[in-house]
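Structure record follows, encoded as structure tokens.
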Amino acid sequence: MTSDADRKLERAGSRGQLFAQEPSQKAFGVPSGGGYQITASWQTALGNDGYIGVIIRILLNGYITERIGMKKTRVLAHITITAFTFILVFGQTKELLLAGQVLCGLPWGFFSAAAPA
């Protein structure tokens, strides 16, 4: 059952819908043709930066799990994803969203590595 939760949390990492929403475009975009648009470079950065954290965590996952055990590692991942999500929810700048997504990538890396187990 916990494995199912890990798989669902791992898949919940899609953030591409954020850029299409008008409030997000207005808050994080630049004026463009009578509206606002988030620049392509920021869309790329915000869309892919979570994978940096995922890669780091996958590389460290075996070491962390071996040191503190699978159960404690899983609890730690759930606590950190909850904490780091607040950065994404309350972030007011693109830079803060970027940092929040890298940090959220760390527990996503655990969910990716632990889901098949």
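In my numbering, the protein residues as written are 14 to 130. Using N, Cα and C, we set each Cβ at its ideal position, and we do this for glycine too. Please read all numbers here as calculations on a predicted model, not as lab measurements.
State the Cα-Cα distance for the pair residue 45 and residue 78, rounded to the nearest angstrom.
-> 48 Å
Skipping 5 residues on each side, what residues in its chain have a beta carbon closer than 7 Å to that of residue 117?
-> 63, 66, 94, 97, 98 and 101
Just reading off the beta strand (DSSP E) that residue 38 is part of, what are its end residues?
-> Not the beta strand (DSSP E): residue 38 falls in the alpha helix (DSSP H), residues 35 to 41.
For residue 32 and residue 91, the rounded distance between their alpha carbons | 26 Å
Could you pull the start and end residues of the alpha helix (DSSP H) that residue 56 belongs to?
-> 53 to 61
If you count every other CB in all the chains shown that lies within 10 Å of the CB of residue 126, and 16 or more means buried, which is it?
-> buried
Identify, in the order they occur along the chain, each residue of the same chain with its Cβ nearer than 6 Å to the Cβ of residue 42, setting aside the five sequence neighbours on each side.
-> 49, 50 and 51
For residue 70 and residue 86, the rounded distance between their alpha carbons = 11 Å
Residue range of the beta strand (DSSP E) that residue 105 falls in?
-> No beta strand (DSSP E) holds residue 105; DSSP gives it neither H nor E.
Around the C-beta of residue 124, are 16 or more other C-beta atoms found within 10 angstroms, so that it is buried, or is it exposed?
-> buried
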